[in-house]
Amino acid sequence: MTNSIADIVGNDVLFIIGSNATEAHPIIGNKMKQAHLRGAKLIVVDPRRTELAEHAHLWLRLKPGTDNALVNGMLHTIISNGWHAKEYIDERTEGFDDLWATVKDYPAERAAEITGVPVETIVAAAELYATTRKAGIFYTLGITEHTVGTANVMNLANLGMVTGHIGFPNAGVNPMRGQNNVQGSCDMGALPNSFPGYPSVLDFEAQKKFSEAYGVQMPQDMGLRIPEMFELAVHGTLKAMFIMGEDPALTDADANHVRKALENLDFLVVQNIFMTETAKYADVFLPAALYAEKDGTFTNTERRVQRVRKAVEPPGDTKPDWEIILELGKRMGMDWDYDSPEAIFEEIRTAVPQYAGMTYERLGTVGLQWPVPTEDHPGTPFLHEGRFTRGKGLLQGIPFQEPAELVDDEYPMLLTTGRMLYHYNIMTRLSQNLEWLRPYELAEVNPADAERLGVVEDELIRVSSRRGSITTRITLTEKVPPGTMFMTFHFKESPVNELTNAEGDPVTMTAEFKVCAVRMEKEPAAESHGAAAK
Amino acid sequence: MTGPAGAETATIQATIDGREVTVPAGTTILDAARDLGIDIPTLCHHETLSPAASCRLCVVEVEGRPNLMPACATELLDGMVLQTESQAVIEARTLILDLLLSDHPQGCITCEQSGGCTLQDYCYRYGVEASTFEGDKRQLPIESDNPMIERDMNKCILCGKCVRVCAEVQVTNAIDFTERGFESQIAASFDNPLASDFCRFCGQCADICPTGAIANKQIKGVRTWDRKKVRTTCPFCGVGCNFDLNVAGDKIVGVTAAYDAPANQGSLCVKGRFHTDLIYSPDRITTPLIKKDGVWEKATWDEALELVAGRLLEIRGEHGNLSVGVLSSARCTNEENYLLQRLTRAGLNTNSIDHCART
Ligand code: SF4
Ligand code: SF4
Ligand code: SF4
Ligand code: FES
């Protein structure tokens with residue numbers, strides 16, 4: 001996030017696009033609702049009638065996958081009405097003409113046609129967002145999990161810059177990161193294209209820095225991204241994988257393809273806390289400790305680095321992940337002598353400039369928001385104050401692209417996937433409390449579609465896509481529009497990612513989880529079929 | 001408090017218990033007293049909630065005012081002279097506590113909240129042992145239908161904090177006051193037990209309740225003084241809420257709020273509050289395993305690590321840098337992610353490390 005979580009309550013306008021925050025980021029969702037109680041206006045863009053949509057001043061129920069056309073329509077409306085921040089654009093950005101060259105083709109009428117949102121609503125949203133000073137944009141997976149995810153994100157930055165909303169408190173463009181430490185994993189360079197702190201792996205200076213620091217010449221080419229790894233594993237080029245703490249066989253798109261890849265490996269190591277779907281394919285299982293059994297730091301979505309503290313000893317023979325990696329490293333010829341997570345953190349400070357000024361002692365109980373360049377720097381509650389990190393903010397026109405997969409006669413429904421309050425990925429399934437709340441998938445289906453199919457509340461149905469076929473129980477709700485259904489990916493009994501589309505965003509290769517075409521059918525064997533049963 | 005734009009924030013001076021205090025205009029008597037380290041007792045007040053000023057336990061005596069004033073809801077004014085523990089104040093507080101006890105079960109010894117109960121603390125502070133009033137006591141059934149929250153409305157003192165936290169912080173409005181007078185209690189609509197179609201099971205009502213009326217069932221059964229608290233960061237979503245893990249002996253028994261946490265100010269969702277039973281799930285695997293002929297066999301760390309290091313280096317050596325891939329984890333710490341990328345780049349000499357940034 002460019003801004004802070006605590007800011008949200010003080011915003012006057014929240015433009016929330018593709019984020020079901022009350023389920024996916026509950027405490028941020030609460031703050032959005034608190035802002036609304038305080039009088040702030042919420043603009044909610046979501047095909048589903050989410051809890052936030054209920055609190056919205058404007059709810060834009062767009063067709064799944066058409067976010068970009070909507071944003072272009074808003075940009076067109078803003079610029080043609082003169083609501084854009086001309087001085088800010090002159091001083092702080094470049095590329096305005098390029099942006100207009102694309103956006104000029106998206107008057108609100110055309111955006112309305114593509115998105116299904118009425119013209120007046122698009123215009124009202126554009127005016128409210130553009131003409132309110134304390135207006136922030138908030139988005140999550142809904143926006144990035146599309147084949148055009150990167151483009152969507154860039155277009156939201158366009159919106160923020162054209163209206164001069166970036167670089168101030170109570171504003172900004174705020175991606176809300178999913179898992180607890182996605183931000184940190186990226187900061188640490190657990191990425192195939194960047195070193196710790198984000199320099200490109202192709203950057204000569206950075207290669208030199210890390211070659212010297214690690215005493216080994218750094219590899220010269222880009223690494224493989226997750227979907228490429230699986231692709232090459234299916235082809236037999238990639239032969240071994242080491243998978244720490246993830247369960248791609250359940251959580252990654254087109255799970256059948258992932259399983260095929262895992263099966264095809266010569267050697268698979270899984271380091272996790274329990275026998276995950278992925279671990280079933282492994283040759284070696286390394287049992288890890290849980291967060292409560294180790295020290296360390298997580299970095300949250302507002303860039304706040306916070307302490308994780310050991311409360312109890314790891315059970316049995318389990319070890320914290322860092323200790324396992326350390327032992328493995330020693331056996332792979334690394335001359336490592338870290339004696340604690342803090343010792344590793346001290347090295348992180350030298351590798352990642354954003355963390356240079358942090359110490360465990362300084363983090364204390366409230367943490368610090370990066371960048372923290374020096375030990376007397378107080379941390380950075382909001383980014384881009386006065387200028388952008390790259391100097392001038394780059395405006396770039398982003399034309400609308402249809403989602404990769406469209407419905408047809410055979411697969412007439414759109415399936416969208418996301419999160420829900422009670423579970424987080426898969427680990428929470430181990431909690432009896434959370435299982436009590438939601439022990440199985442309950443796919444959301446519009447009553448009109450259910451009637452057409454002759455299925456009722458809680459019935460087990462079959463859902464099939466071009467890639468796979470699963471069963472799930474359903475709940476009938478107007479939250480989803482007719483022709484669309486919604487599922488989460490927490491349940492191995494209803495593995496929704498056997499249906500989803502692995503076709504990736506060309507830049508990040510983030511798969512298109514959000515939209516895939518499916519067919520729903522009555523499940524004849526519903527009674528005898530135990531898969532989705534309690 | 002800030003004044004209108006551009007205006008200097010005015011300060012005011014007053015005297016509390018004979019000590020001078022200077023605070024910004026708009027400060028309550030309660031906050032000004034706390035600045036001086038004076039502890040005025042409160043039951044219905046909480047800094048994260050709107051004032052209710054209903055319990056009146058926080059009353060103070062202000063010179064020149066005929067009535068005692070609630071400190072939590074009265075602004076300190078310039079020149080005010082006030083006493084926080086005068087005879088009149090002590091009498092008033094004693095009476096309030098006495099009245100509260102008159103309709104409160106006399107079961108402190110076995111109450112889960114004992115030691116962490118604000119009502120008990122204040123009764124002790126003002127020497128109120130038992131109520132001097134005779135009267136009917138409520139006989140309401142205990143609601144314990146779910147595995148997380150138990151509600152015993154017989155212990156409720158109607159401070160309303162649970163109602164306000166649910167309405168103002170969780171913005172969920174699952175519970176409210178029902179009826180009035182003696183029959184008054186806190187309930188969900190139609191007196192239904194808490195259920196997931198209207199309650200988020202965030203447990204914040206239980207955490208904020210000053211008595212044992214709403215209890216967190218996870219930490220039930222462990223006395224407050226037997227629990228050590230360890231501040232940590234939630235392992236689920238990117239909000240990064242902080243909370244205190246409650247440890248009894250060598251076991252984590254539950255979670256309590258950390259009101260000074262920067263991201264969440266004491267709030268949590270159901271996962272952060274009630275997940276800790278998963279730490280002791282029987283499904284956890286506690287020894288290294290090596291698969292032999294398709295069957296998992298227990299192994300020592302030495303065997304497992306030798307095998308992993310050997311095979312990875314061997315495959316990398318024979319087949320080049322496209323032959324191995326490493327997945328790191330957004331669930332693991334920064335230190336672990338950092339170390340694994342170092343091992344991948346320096347040990348396996350490939351950049352093929354990635355993690356599920358989207359999940
Ligand atoms: S658990 Fe949370 S949502 Fe439910 S009644 Fe208590 S405060 Fe409200
Ligand atoms: S249940 Fe607890 S918090 Fe709610 S009104 Fe009663 S005493 Fe106060
Ligand atoms: S308590 Fe809930 S909202 Fe807070 S970090 Fe944990 S999962 Fe996220
Ligand atoms: S705390 Fe002031 S009236 Fe209750």
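Quick mapping for you: the protein sequence lines, in order, are chains A and S. By the count of the working numbering, the first sequence reaches residue 534 at its end, each step adding exactly one. By the count of the working numbering, the second sequence reaches residue 359 at its end, each step adding exactly one. We put the CB at the ideal spot given by N, CA and C, even for glycine. Small disclaimer: the values here were computed from a predicted structure and weren't measured.
Item	Value
Flag residue 39(S) as yes if its beta-carbon sits less than 8 Å from any beta-carbon of chain A, otherwise no.	no
Which partner residues of residue 229(S) appear in the DSSP bridge assignment?	246(S)
Tell me the residue span of the beta strand (DSSP E) that contains residue 324(S).	324–327
I need the straight-line Cα distance from residue 251(S) to residue 209(S), nearest angstrom please.	25 Å
Does residue 5(S) come out as helix, strand or coil in the three-state DSSP assignment?	Because the pLDDT of residue 5(S) is 44, which lies under 50, any placement of that residue in the model is unreliable, and the number read from its coordinates should be weighed accordingly. Looking at residue 5(S) - three-state DSSP - the assignment turns out to be coil, as it is neither helix nor strand.
Report the three-state DSSP secondary structure of residue 218(A) (helix, strand or coil).	coil
My guess is that residue 410(A) and residue 461(A) are in contact by the Cβ rule of under 8 Å, so how many angstroms apart are they, rounded?	About 17 Å; that fails the 8 Å criterion.
How big is the Cα-Cα spacing for residue 177(S) and residue 159(S)?	10 Å
Give a yes or no on whether the C-beta atoms belonging to residue 28(A) and residue 8(A) are separated by under 8 Å.	yes
Can a CB atom of chain S be found closer than 8 Å to the CB of residue 494(A)?	no
When burial is assigned at 16 or more other CB atoms within 10 Å of the CB, is residue 444(A) buried or exposed?	buried
Could you tell me whether the segment 183–200 of chain S touches the segment 142–149 of chain S, where touching means 3 or more Cβ pairs closer than 8 Å?	yes
Please enumerate, following chain order, all residues with a beta carbon closer than 5 Å to at least one heavy atom belonging to ligand 3.	26(A), 27(A), 234(S), 236(S), 237(S), 239(S), 241(S), 268(S), 269(S), 271(S) and 272(S)
Under three-state DSSP, which class holds residue 535(A)?	For residue 535(A) there is no data in the structure shown, the boundaries of chain A being 1 and 534.
Contact defined as beta carbons within less than 8 Å: I believe residue 243(A) pairs with residue 163(A). What is the distance between those atoms, to the nearest angstrom?	Not really, about 43 Å apart at Cβ, beyond 8 Å.
Mind checking whether residue 373(A) and residue 356(A) have CB atoms under 8 Å apart?	yes
Quick one: which chain S residues come within Cβ less than 8 Å of residue 25(A)?	237, 238 and 239
Go ahead and label residue 542(A) buried or exposed: buried means 16 or more other beta carbons lie within 10 angstroms of its beta carbon, across all protein chains shown.	Nothing can be reported for residue 542(A): it is not among the residues displayed for chain A, which extend from 1 to 534.
Taking Cβ positions only, does residue 456(A) come closer than 8 Å to chain S?	no
How about residue 82(S): is its Cβ closer than 7 Å to a heavy atom in ligand 4?	no
Establish whether the CB of residue 183(A) and some CB of chain S are separated by less than 8 Å.	yes
Suppose the cutoff is 6 Å on Cβ atoms and the five residues either side in sequence are ignored; what does the same chain contact list for residue 509(A) look like?	Its pLDDT being 48, under 50, residue 509(A) is placed unreliably by the model, and nothing is read from it.
What did DSSP end up calling residue 129(A) once you bin it into helix, strand or coil?	helix
State yes or no: is the beta carbon of residue 312(A) nearer than 8 Å to at least one beta carbon in chain S?	yes
For residue 306(A), write down the residues that DSSP places opposite it in a beta bridge.	298(A)
Taking 8 Å as the CB-CB limit, is residue 283(S) close to chain A?	yes
Is it the case that the CB of residue 266(S) approaches a heavy atom of ligand 2 more closely than 7 Å?	no
Taking buried to mean at least 16 other C-beta atoms within 10 Å of its own C-beta, is residue 132(S) buried or exposed?	exposed
How would you write the range of the beta strand (DSSP E) that residue 345(A) sits in, first residue to last?	Not the beta strand (DSSP E): residue 345(A) falls in the alpha helix (DSSP H), residues 341–351.
Is it the case that the Cβ atoms of residue 232(S) and residue 242(S) are separated by a distance below 8 Å?	yes
Between 237(S), 43(S), 186(S) and 162(S), which lies nearest to residue 154(S) when the distance is taken from Cα to Cα?	186(S)
Please list the partners that residue 5(A) has in chain S, where partner means a Cβ-to-Cβ separation under 9 Å.	239, 240, 262, 263 and 264
Please report the residue range of the beta strand (DSSP E) in which residue 138(A) lies.	135–139
Of the choices 329(A), 333(A), 322(A) and 328(A), whose alpha-carbon is the least far from that of residue 343(A)?	322(A)
Near residue 50(S), what residues of its chain come up, given a Cβ to Cβ distance below 7 Å and the 5 sequence neighbours on each side ignored?	164 and 168
Is the CB-CB distance between residue 117(S) and residue 212(S) below 8 Å?	yes
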